[in-house]
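2 protein chains.
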Amino acid sequence: MTVQEPRTRIQRKNHLAILDAALEVFSRQGFGAATLDQIAAEAGMSKPNLLYYFKSKEAIHLTLLSQLMDIWLDPLREIRADGDPVEEILGYVRRKLQMSREMPRESRLFAHEIVQGAPHMRPELESVLRPLVDAKATVIGDWAEAGRIAPVDPHHLIFSIWSLTQHYADFDVQVRAVLGDGRDPFAEAEEHLDRLFRRMLAP
Amino acid sequence: MTVQEPRTRIQRKNHLAILDAALEVFSRQGFGAATLDQIAAEAGMSKPNLLYYFKSKEAIHLTLLSQLMDIWLDPLREIRADGDPVEEILGYVRRKLQMSREMPRESRLFAHEIVQGAPHMRPELESVLRPLVDAKATVIGDWAEAGRIAPVDPHHLIFSIWSLTQHYADFDVQVRAVLGDGRDPFAEAEEHLDRLFRRMLAP
DNA sequence: GGAATTTCTGACCGTCCGGTCAGGATCGAC
DNA sequence: GTCGATCCTGACCGGACGGTCAGAAATTCC
Numbered sequence: 000m001t002v003q004e005p006r007t008r009i010q011r012k013n014h015l016a017i018l019d020a021a022l023e024v025f026s027r028q029g030f031g032a033a034t035l036d037q038i039a040a041e042a043g044m045s046k047p048n049l050l051y052y053f054k055s056k057e058a059i060h061l062t063l064l065s066q067l068m069d070i071w072l073d074p075l076r077e078i079r080a081d082g083d084p085v086e087e088i089l090g091y092v093r094r095k096l097q098m099s100r101e102m103p104r105e106s107r108l109f110a111h112e113i114v115q116g117a118p119h120m121r122p123e124l125e126s127v128l129r130p131l132v133d134a135k136a137t138v139i140g141d142w143a144e145a146g147r148i149a150p151v152d153p154h155h156l157i158f159s160i161w162s163l164t165q166h167y168a169d170f171d172v173q174v175r176a177v178l179g180d181g182r183d184p185f186a187e188a189e190e191h192l193d194r195l196f197r198r199m200l201a202p
Numbered sequence: 000m001t002v003q004e005p006r007t008r009i010q011r012k013n014h015l016a017i018l019d020a021a022l023e024v025f026s027r028q029g030f031g032a033a034t035l036d037q038i039a040a041e042a043g044m045s046k047p048n049l050l051y052y053f054k055s056k057e058a059i060h061l062t063l064l065s066q067l068m069d070i071w072l073d074p075l076r077e078i079r080a081d082g083d084p085v086e087e088i089l090g091y092v093r094r095k096l097q098m099s100r101e102m103p104r105e106s107r108l109f110a111h112e113i114v115q116g117a118p119h120m121r122p123e124l125e126s127v128l129r130p131l132v133d134a135k136a137t138v139i140g141d142w143a144e145a146g147r148i149a150p151v152d153p154h155h156l157i158f159s160i161w162s163l164t165q166h167y168a169d170f171d172v173q174v175r176a177v178l179g180d181g182r183d184p185f186a187e188a189e190e191h192l193d194r195l196f197r198r199m200l201a202p
């Protein structure tokens with residue numbers, strides 16, 4: 000980011016416009032295939048003006064990714080050790096599926112980054128993602144040991160939740176091609192996943 | 000493809016070398032971000048020579064994708080209506096997970112294509128994927144109605160199998176970053192998914 | 001209303017991209 | 001061993017790319 004804390008009204012507006020346009024383009028095409036001209040056009044400004052606000056294509060991408068990591072993990076942070084185990088995990092599933100529905104661009108941006116080997120995010124995977132997952136895995140592991148949910152590998156349970164929910168955003172085209180028109184993939188997914196996890200976790 | 004059925008020994012060798020190199024590069028970077036120079040270098044030949052065998056970058060990509068669709072669906076085709084329901088579905092899960100382990104490049108190539116909205120595969124999703132999935136969904140639906148497995152939406156069950164197994168190939172970097180060194184994600188996944196689907200499907 | 005600052009633009013640059021081409025090297029059949 | 005077909009290369013092309021720059025337009029502040 001060129002400017003750390005946008006001061007003027009115009010700066011705030013254009014920063015947002017650029018980041019939104021970049022999210023649109025990066026999530027559709029990936030970082031490498033996206034072009035500054037596309038982003039500039041999507042944001043309704045000229046390329047040099049775009050580069051007045053962000054010093055490079057990479058800078059835009061990094062800003063998006065760093066904002067994303069926090070948003071992405073919030074639903075996981077909400078899991079409470081003192082809640083009802085099944086309902087806590089099911090709540091997490093529901094929140095994650097809702098994010099796939101409401102923020103599919105963010106999901107695809109993340110997918111692009113990881114599929115390509117996380118060239119810009121590897122450090123944060125280790126320093127931010129892993130500790131949080133480990134903490135919550137401990138909570139889940141304790142629930143399993145106490146017999147409050149069925150025995151399960153907590154890390155792989157979390158992977159399962161990620162993959163099952165993000166699938167509906169990242170592979171949206173495939174899901175809709177298979178289901179055909181006139182169906183609501185996300186509504187069906189909510190019921191399906193609710194059933195799946197209730198069965199899986201019932202002690 | 001320039002040559003429909005490679006005749007000479009050299010043609011066969013170079014075709015394979017190019018397709019393997021292209022799979023490597025496309026699966027890492029996606030179609031748009033990959034370059035012919037990278038593919039040529041990976042295949043150990045010059046760019047003009049590469050273009051002697053395939054008439055364009057797109058032609059290589061399309062060849063890979065059309066080969067992929069068949070390989071990809073083979074495990075699904077193997078599901079037999081006259082087998083034991085739970086074991087048939089678990090066999091499918093196992094075969095699919097094995098593909099993630101042994102063919103992660105193919106998995107990622109497919110992921111890139113779908114995440115980007117399937118610009119080259121949309122027709123085949125409708126004409127090849129959907130009919131096959133519908134057929135197998137009918138089989139699974141019959142099993143559920145007969146009470147031989149628990150009630151489940153067959154299409155979403157198939158989506159679940161896809162997402163849970165492909166996750167270990169496509170998001171390999173993330174899985175390993177979270178699990179840390181010295182673990183075998185695929186071995187753990189096999190046990191985890193076996194448990195998950197047995198619980199989910201038990202009548 | 002005018003100076004200072006911020007915002008914006010058209011023209012441009014070097015590089016890399018997908019692809020072409022003329023011709024040279026190599027191979028296989030006889 | 002020679003001759004035609006196949007295989008391969010260096011040099012090159014037009015276009016698109018990320019990014020720069022000098023200066024014009026708009027905004028802000030007094």
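These protein sequence lines are chains A and B, in that order. Using numbering that gives the first Met the number 0, the first residue of the first sequence is number 0, and each one after it goes up by one. Using numbering that gives the first Met the number 0, the first residue of the second sequence is number 0, and each one after it goes up by one. Don't be surprised by glycine CBs; every beta carbon is placed ideally from N, CA and C. Note that the coordinates shown come from a computational prediction; the quantities given were computed from them, not determined experimentally.
Residue A:D141 holds the alpha-carbon nearest to the alpha-carbon of A:D81 among A:D141, A:A39, A:D169. Flagged as an interface residue toward chain A: B:F170, by a C-beta distance shorter than 8 Å. In terms of beta-carbon proximity, B:G31 lines the interface with chain A, with at least one pair separated by less than 8 Å.
If only complete runs of 4 or more residues are kept, the stretch 7–90 of chain A shows the alpha helix (DSSP H) at 8–32, 35–42, 46–52, 56–76, in order along the chain. Between B:V127 and B:M68, the CB-CB gap stays under 8 Å. In summary, A:L64 is buried, with 16 or more beta-carbon neighbours lying within 10 Å of its beta-carbon over all protein chains present. The beta carbon of A:T137 is closer than 8 Å to those of P153 in its chain, skipping five residues each way along the sequence. With respect to the C-alpha of B:E187, the residue from B:I78, B:A117, B:Y167, B:K46 having the closest C-alpha is B:Y167. Bounds of the alpha helix (DSSP H) holding B:Q173 are 171–178.
Straight-line spacing of the CA atoms in B:Y52 and B:I9 works out to 11 Å. For B:E190 and A:L72, the gap between their C-alpha atoms comes out near 26 Å. According to the DSSP assignment, B:G140 belongs to the alpha helix (DSSP H) that extends over 129–144. Closer than 8 Å to the CB of A:D193 there is not a single CB belonging to chain B. Interface criterion not met: the Cβ of B:M68 is under 8 Å from no Cβ in chain A. Taking 8 Å as the cut-off, the beta carbon of A:G29 is found closer than this to the beta carbon of B:G29. Cβ atoms of B:M44 and B:P74 stay farther apart than 8 Å, at about 34 Å. Of the candidates A:D169, A:H60, A:V132, A:A145, the residue whose Cα lies closest to the Cα of A:P118 is A:H60.
Taking a cut-off of 8 Å on C-beta distances, the stretch 166–183 of chain B does not touch the stretch 170–178 of chain A, as fewer than three cross pairs fall below it. Counting only residues of its own chain and dropping the five nearest sequence neighbours on each side, B:L49 has a CB closer than 7 Å to the CB of I17, L35, I38, A39, A42.
When rounded, the separation of the alpha-carbon atoms in B:D169 and A:K54 is 31 Å.
Secondary structure of B:H119 (DSSP, three-state): coil. DSSP places A:D193 inside the alpha helix (DSSP H), whose first and last residues are 184–200.
In the three-state reduction of the DSSP assignment, A:I148 falls in the coil class.
With a contact defined as Cβ atoms closer than 8 Å, B:V114 and A:H111 qualify at about 7 Å.
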